[in-house]
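Take a look at the structure below.
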Amino acid sequence: MKKIALITGITGQDGSYMAELLLEKGYEVHGIVRRNSVQDYRNIRKIKDKIKLHEGDLADSGSLHRIMAEVMPDEVYNFGAMAGVSPSFKQPEFSLMSCGVSVCSLLEAVRLLKPSVKFFQASSSHMFGNTCISPQNELTPLQPISPYGCGKALGHNLVRHYRESYKMFVVSGIMYAHASPRYSEGFLLSKIVSTIRRIKAGEDIKLEVGDIDVPMDIGYAKDYVEAIYQAVQLDTPEDFIIGTGEIHTPREFIELSFKEAGLDLDKYLVYNESLKRPSEVSALVADYSKANKFFDYKPKTSFNDFIKIMVNGL
Numbered sequence: 001m002k003k004i005a006l007i008t009g010i011t012g013q014d015g016s017y018m019a020e021l022l023l024e025k026g027y028e029v030h031g032i033v034r035r036n037s038v039q040d041y042r043n044i045r046k047i048k049d050k051i052k053l054h055e056g057d058l059a060d061s062g063s064l065h066r067i068m069a070e071v072m073p074d075e076v077y078n079f080g081a082m083a084g085v086s087p088s089f090k091q092p093e094f095s096l097m098s099c100g101v102s103v104c105s106l107l108e109a110v111r112l113l114k115p116s117v118k119f120f121q122a123s124s125s126h127m128f129g130n131t132c133i134s135p136q137n138e139l140t141p142l143q144p145i146s147p148y149g150c151g152k153a154l155g156h157n158l159v160r161h162y163r164e165s166y167k168m169f170v171v172s173g174i175m176y177a178h179a180s181p182r183y184s185e186g187f188l189l190s191k192i193v194s195t196i197r198r199i200k201a202g203e204d205i206k207l208e209v210g211d212i213d214v215p216m217d218i219g220y221a222k223d224y225v226e227a228i229y230q231a232v233q234l235d236t237p238e239d240f241i242i243g244t245g246e247i248h249t250p251r252e253f254i255e256l257s258f259k260e261a262g263l264d265l266d267k268y269l270v271y272n273e274s275l276k277r278p279s280e281v282s283a284l285v286a287d288y289s290k291a292n293k294f295f296d297y298k299p300k301t302s303f304n305d306f307i308k309i310m311v312n313g314l
């Protein structure tokens, strides 16, 4: 009998990769999409006829309960949330709701309707904020410094609460920065790649950037999704760090990406102070030794190969 999975954020980067992976493994896949909004199905266009989509809203607990009752999944993967740190400073209340309060609504629906479900929550390294501990592991104290980080910390703590209080199989993957050709437009790495493609197409444009020397641990999204699946298949629920354990900067990404594209960076790079965030996190780097111990996790894609994938849209 086929396992049934329900994915929030299924049209996004992580959700679409997870849907493809689960289909390959023989799952019946369902996804939640927002109602009354213009949907972008580019990331799931190749599998849209193989999955079932349900209209709902993470801010509407009633719709979540309805969808849970209809689908009665074996596994739930929660990727749905405000995407990114920068937008959260402009919409702090929405960020807290979508990254934190909505997690409670989903967990309550699972608890009341099918508490045997295996539930995955996409947590974020931004929960660590300006930590003095490096690298970070699953026991590193949370010190978020953005509304996004605060919302993710709320969701992460709710997972622990439901696991300990109700003995549910709920796990968090503390995911460090990750991207792919499916990464949402408006974020720096997508902006870099999009600018390169437009330049190659003959447009006379510049790449405007803020602070590009912020250290970051960044990897290929598809590697992380495979790790998430492994975490959910364990017999006991555990939280895991998912990252590369390496530090790079946006400057490195820009320089190597322009080199990969055969472009002279000096002709196109422009600094814009207004693009800097109100605050930046410390050097966040993953200690993924626990995931390596439990299911032999290690990132498959090198930084250089990751750049080639991004620039060439593989």
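Counted from 1, the sequence shown has number 5 at position 5 by full-length UniProt numbering; the numbering is strictly sequential.
Just so it is clear, CB atoms sit at the ideal spot from N, CA and C, and this is done for glycine as well.
Computed from a predicted model, the values in this text were never measured in an experiment.
When the options are compared against residue i, the one with the closest alpha-carbon
i, options, result
"arginine 111", "Gly100, His156, His65 and Ile51", "His65"
"aspartate 213", "Ile145, Pro141 and Tyr271", "Tyr271"
"isoleucine 199", "Glu185, Gly262, Val85 and Glu238", "Gly262"
"lysine 46", "His54, Ala19 and Ser95", "Ala19"
"serine 289", "Phe240, Pro250 and Ser124", "Phe240"
"leucine 158", "Phe120, Glu75 and Leu284", "Phe120"
"phenylalanine 253", "Lys52, Lys3, His178 and Ile4", "His178"
"valine 71", "Tyr27, Gly100, Pro144 and Gly80", "Tyr27"
"isoleucine 196", "Lys90, Lys48, Gln13 and Leu265", "Leu265"
"leucine 107", "Glu255, His161 and Ile247", "His161"
"alanine 81", "Glu24, Gly9 and Tyr17", "Gly9"
"glutamine 233", "Pro135, Asp287, Lys25 and Ser180", "Lys25"
"valine 101", "Leu154, Val209, Lys259 and Ala231", "Leu154"
"histidine 54", "Arg42, Ile44, Met68 and Asn43", "Met68"
"valine 285", "Ser165, Glu208, Cys132 and Lys259", "Cys132"
"phenylalanine 303", "Tyr229, Asp235, Thr249 and Ile242", "Thr249"
"glycine 15", "His126, Pro73, Tyr229 and Glu208", "Tyr229"
"histidine 126", "Lys300, Lys298, Ala283 and Phe295", "Ala283"
"arginine 42", "Leu21, Gly12, Lys50 and Val209", "Gly12"
"lysine 293", "Glu238, Tyr220 and Glu273", "Glu238"
"tyrosine 224", "Asp211, Gly245, Gly210 and Glu208", "Gly245"
"asparagine 175", "Leu21, Ile7, Asn78 and Leu23", "First, the residue type needs correcting, since residue 175 is methionine and not asparagine in the sequence shown. With distances taken between Cα atoms, methionine 175 lies closest to Asn78."
"glutamate 208", "Glu260, Ser165, Gly173 and Tyr268", "Tyr268"
Simplified DSSP assignment, three categories, for residue i
i, result
"glycine 243", "coil"
"glycine 129", "coil"
"tyrosine 224", "helix"
"leucine 284", "coil"
"glutamine 230", "helix"
"lysine 298", "coil"
"isoleucine 7", "strand"
"serine 146", "coil"
"leucine 263", "coil"
"serine 134", "coil"
"leucine 139", "coil"
"glutamate 24", "helix"
"arginine 251", "helix"
"lysine 118", "strand"
"glycine 31", "strand"
"tyrosine 268", "coil"
Buried versus exposed, by CB contacts within 10 Å (16 or more), residue i
i, result
"phenylalanine 305", "It is aspartate, not phenylalanine, that sits at residue 305 in the sequence shown. Per the 10 Å Cβ criterion, exposed."
"glutamine 39", "exposed"
"glycine 202", "exposed"
"glutamate 185", "exposed"
"lysine 222", "buried"
"cysteine 99", "buried"
"arginine 163", "buried"
"glycine 62", "exposed"
"residue 336", "Outside the displayed span of the chain (1 to 314) sits residue 336, for which this structure offers no information."
"isoleucine 44", "buried"
"arginine 182", "buried"
"threonine 236", "exposed"
"aspartate 217", "buried"
"glutamate 75", "buried"
"isoleucine 205", "exposed"
"serine 274", "exposed"
- Task: Determine contact between the stretch 156-170 and the stretch 109-119, defined as no fewer than three beta-carbon pairs at a distance below 8 Å.
- Result: yes
- Query: Does the stretch 305-313 come close enough to the stretch 189-206 that 3 or more CB-CB pairs lie under 8 Å?
  - Reply: yes
- Item | Any alpha helix (DSSP H) of 4 or more consecutive residues that is wholly inside the stretch 42-116 | 61-71, 86-90, 92-96 and 102-113
- Query: Looking at C-beta atoms only, is the number of pairs between the stretch 55-73 and the stretch 22-37 that lie closer than 8 Å three or more?
  - Reply: yes
- Query: Where in the stretch 148-222 do unbroken runs of the beta strand (DSSP E), each at least 3 residues long, occur, reported from the N-terminal end onward?
  - Reply: 169-175, 177-179, 207-209 and 218-220
- Cβ contact (3+ pairs, closer than 8 Å) linking the stretch 147-158 and the stretch 85-103: yes
- Message: For the structure I just gave you, are there three or more beta carbon pairs, one from the stretch 127-145 and one from the stretch 91-103, closer than 8 Å?
- Response: no
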